[in-house]
């Protein structure tokens with residue numbers, strides 16, 4: 001089971017990191033985003049290969065008192081933050097697309113009107 | 001007085017020509033009527049059907065949603081210097097005769113925004129739709145403090161002064177609530193008039209699903225907190 005988790009994490013990690021790097025090289029993403037995804041996936045892969053790290057991490061934050069709930073809570077908060085960022089970015093892109101489509105639609109209609117000599 | 005009738009169109013090739021041709025060309029108190037059909041990236045022959053009519057055709061290169069198409073139509077109405085802009089659905093569910101009713105309070109300077117309410121006389125409306133509308137009305141009330149019986153009606157008339165003040169930027173069906181919220185913020189006079197709804201199997205198959213409510217709620221909340 002652990003071997004399957006390692007393989008799964010490695011494949012996903014490879015896909016995400018190669019994409020992050022190619023996006024950065026193509027100037028589609030910033031250096032900060034590339035570093036962010038690299039660090040995130042290095043952390044995920046580290047846990048996949050060395051599951052004991054989770055226990056050590058828990059010890060570091062107060063041993064059994066911290067509990068798995070806290071770790072999952074933090075994970076959930078992180079996922080929600082990422083969802084929020086994705087949602088706001090998608091929203092901005094959607095609005096920009098709307099403005100562009102509007103400008104094209106009205107510009108084209110006005111152009112036709114001018115060409116046909118109507119006022 | 002100039003009137004613009006704005007119709008957002010998405011895949012309505014079966015009915016759009018009939019809808020446009022059934023719209024009035026003369027109305028009491030109105031000197032000029034412009035019909036603006038906004039083809040919102042339809043994948044059927046809606047564009048061809050619109051071209052067979054006398055409507056001004058605006059084309060969105062991709063489908064962006066009924067809200068976006070309505071805003072495009074309103075922007076064109078502003079460019080045409082219209083005094084009143086009316087929005088109606090492209091699926092034929094609205095009776096063109098009701099246009100006179102929705103513009104009347106604006107012509108009499110008794111309202112800035114008039115909503116054609118399907119719920120003042122709600123005979124024939126499916127119960128599920130009524131329940132869904134009530135939820136949207138309540139959400140809109142929470143967000144702007146105005147109770148409107150049919151916030152999700154696509155049949156509306158807006159006066160020129162209000163139209164120039166509205167800051168609309170939603171993309172989908174949430175535009176219906178957004179117009180009311182914006183009008184409330186502008187302290188505009190909002191009135192409702194009863195309208196007749198033509199329920200056919202075609203028009204019943206159109207419109208928004210109840211599940212879209214979650215999407216609308218999220219977008220309205222995000223809009224409220226200016227994200």
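Chains as they are written, first to last, in the working numbering: chain A, 1 to 119; chain H, 1 to 227. In this text, a Cβ means the ideal position worked out from N, Cα and C, and glycines have one as well.
| Item | Value |
| --- | --- |
| Could you give the residue range of the beta strand (DSSP E) that holds residue 39 of chain H? | 32 to 40 |
| Would you call residue 231 of chain H buried or exposed, if buried means 16 or more other Cβ atoms sit within 10 Å of its Cβ? | It is not possible to answer for residue 231 of chain H, since the shown part of chain H is limited to 1 through 227. |
| Identify the continuous alpha helix (DSSP H) that holds residue 105 of chain H and give its terminal residues. | 99 to 107 |
| With a CB to CB cut of under 8 Å and the five nearest residues on each side skipped, what residues in its chain are close to residue 31 of chain H? | 1, 2 |
| Locate the beta strand (DSSP E) running through residue 59 of chain H, then write down its first and last residues. | 56 to 60 |
| Look up residue 6 of chain H in the DSSP assignment and give the residues it is bridged to. | H:36, H:87 |
| For the candidate residues H:98, H:83, H:24, H:223, whose alpha-carbon lies nearest to that of residue 117 of chain H? | H:98 |
| What residues from chain A crowd round residue 125 of chain H, counting only those whose CB sits closer than 7 Å? | Result: empty, since nearest Cβ-Cβ is about 30 Å, beyond 7 Å. |
| In angstroms with no decimal places, state the Cα-to-Cα distance between residue 118 of chain A and residue 19 of chain A. | Residue confidence for residue 118 of chain A is low, a pLDDT of 49 falling below 50, so the modelled location carries little weight; the figure read from the coordinates is stated next. Rounded to whole angstroms, residue 118 of chain A to residue 19 of chain A spans 52 Å at the Cα level. |
| Could one say the Cβ of residue 109 of chain A lies closer than 8 Å to chain H's Cβ atoms, at least one of them? | yes |
| With DSSP as the reference, identify every bridge partner of residue 113 of chain H, one or two as the case may be. | H:158, H:190 |
| What residue range is occupied by the uninterrupted alpha helix (DSSP H) comprising residue 199 of chain A? | Given that chain A is displayed from residue 1 to residue 119, the structure contains no residue 199 of chain A and the question cannot be resolved. |
| Quick one: Cα of residue 188 of chain H to Cα of residue 140 of chain H, how far? | 16 Å |
| The alpha helix (DSSP H) with residue 58 of chain A in it runs from where to where? | 52 to 60 |
| Would you verify that the beta carbon of residue 216 of chain H is, or is not, closer than 8 Å to some beta carbon of chain A? | no |
| Would you list, in chain order, the members of the stretch 74 to 85 of chain H that have their beta-carbon closer than 8 Å to a beta-carbon of chain A? | 75, 76, 79 |
| Taking beta-carbon pairs under 8 Å, can you tell me which members of the stretch 74 to 104 of chain A lie near chain H? | 87, 88, 91, 94, 95, 97, 98, 101, 102, 104 |
| For residue 197 of chain H, does the three-state DSSP call read helix, strand or coil? | strand |
| Which same chain residues end up closer than 6 Å to residue 89 of chain H when comparing Cβ atoms and leaving out the 5 residues on each side of it in sequence? | 154 |
| Is it true that the CB of residue 44 of chain A sits closer than 8 Å to the CB of residue 72 of chain H? | no |
| Taking residue 40 of chain H and residue 63 of chain H to be in contact with their CB atoms under 8 Å, please state how far apart those CB atoms are, rounded to whole angstroms. | 5 Å |
| Would you decide whether residue 10 of chain A is buried or exposed? Buried here means 16 or more other CB atoms lie within 10 Å of its CB. | exposed |
| With the cut-off set at 8 Å, would you say residue 193 of chain H and residue 56 of chain H are in Cβ contact? | no |
| Could you tell me whether any Cβ in chain A is nearer than 8 Å to the Cβ of residue 58 of chain H? | yes |
| Could you tell me whether any Cβ in chain A is nearer than 8 Å to the Cβ of residue 8 of chain H? | no |
| Within the chosen definition, does the stretch 127 to 136 of chain H reach the stretch 79 to 94 of chain H through at least 3 CB pairs nearer than 8 Å? | no |
| Taking CB distances under 8 Å as the criterion, tell me whether residue 32 of chain A reaches chain H. | no |
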